[in-house]
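Oh and the sequence shown: position 30 is 30 in our numbering, straight run, nothing missing.
These notes are about the structure you will find just below.
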Amino acid sequence: STVECLACPGDGACAGRGTCRDDQIAKADAANAAANSYISNTSAMLAYGNGSCVCSEPYFSGNDSFGRATCAEGSCPAGTEEVSPVDGAPNTCQNCSVGK
């Protein structure tokens with residue numbers, strides 16, 4: 001298969017609602033799997049991301065023209081609201097405050 005260097009969807013930030021499955025994340029996951037003997041060290045070294053997003057909530061979805069997850073569609077369910085953490089982590093759905 002051909003490896004293309006593409007930024008993750010949503011301006012490379014998964015619309016602020018997920019984590020980019022980039023090379024750095026793929027290599028970290030593979031190294032962990034190698035440490036637990038699930039895959040070889042060589043496979044871990046050669047791991048690369050696919051530029052897709054892993055959405056922080058099951059309510060966030062969507063795909064781009066390449067079929068990669070974008071997290072740009074969907075909304076939090078009734079009784080919850082989308083919240084942007086101050087630490088820069090992806091947005092999540094949290095229960096609304098009383099009276100909102």
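Note that CB positions come from ideal geometry on N, CA and C, so glycine has one too.
Rounded to whole angstroms, the separation of the alpha carbons of SER37 and GLU82 is 38 Å. The criterion of a C-beta distance shorter than 8 Å is satisfied by ASN41 and ALA34. DSSP, read as helix, strand or coil, puts ASN41 in helix. For ALA72, the enclosing beta strand (DSSP E) has its first and last residue at 69 to 73. Per the coordinates, the alpha-carbon of ASN50 lies some 17 Å from the alpha-carbon of ALA15.
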